[in-house]
Amino acid sequence: MEKILQIVEILNQKKAQDIVVLDISKLTIIADYFIICSASNIQHVKALVDEIEEKSPAQILRIEGRESYRWVVVDYGDIILHIFHEKEREFYNLERLWIDAQKVEIAM
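So that you can map any letter, position 92 of the sequence shown is 92 in full-length UniProt numbering, and since no number is skipped, the others follow by simple counting.
1. How many Å lie between I83 and S68 at the Cα?
2. Under the three-state reduction of DSSP, which class applies to E105: helix, strand or coil?
3. What separation, rounded to the nearest whole angstrom, lies between the Cα atoms of D75 and E90?
4. When the distance is taken between beta carbons, is D23 closer than 8 Å to D78?
5. Checking 8 Å against the spacing of the C-beta atoms, do I52 and I7 come in under that value?
6. Could you tell me the alpha carbon to alpha carbon distance between W98 and L27, rounded to whole angstroms?
7. Keeping to the same chain, check which residues put their C-beta closer than 6 Å to that of E88; ignore five residues upstream and five downstream.
The structure is reproduced here in C-alpha cells:
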C-alpha cells in the first residue's frame, strides 16, 4: 500500500485529475491494483509520465503508449498505472469495465 500512496502523491503533486485506485486482486491475476488518472492535454500526460518515471518509488517493468500520450500504461507488476488524456478516459471508462473492483479510498 505504501507504493500506491507514493505513486498517488507524485501524481497529485503534478496536478493529475480524478485519481482513482481500484483493488482488482480478487478479479484477475494481471495485477493487484489499478491506479487511474487523467490530464486535460497531451503535454500534461507526458509531464505525468516523466515525473513518475523520474520519481518512481519502485521498479517500472514497462511503459506503453508514449507514441501518442493519449493513454499511457505504467506497469509495476502488482500495480498498473493508467494515465489518460481526459477524452480517452471518458471513452474507455475503465471504472465501468471494472465495476466489480473495490475502490480504495486515498486521502489526499
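Every residue, glycine too, gets a C-beta built ideally from N, C-alpha and C.
These numbers come from a predicted model, not from an experiment.
Working from what's here:
1. 12 Å
2. coil
3. 21 Å
4. no
5. yes
6. 9 Å
7. R70 and W71
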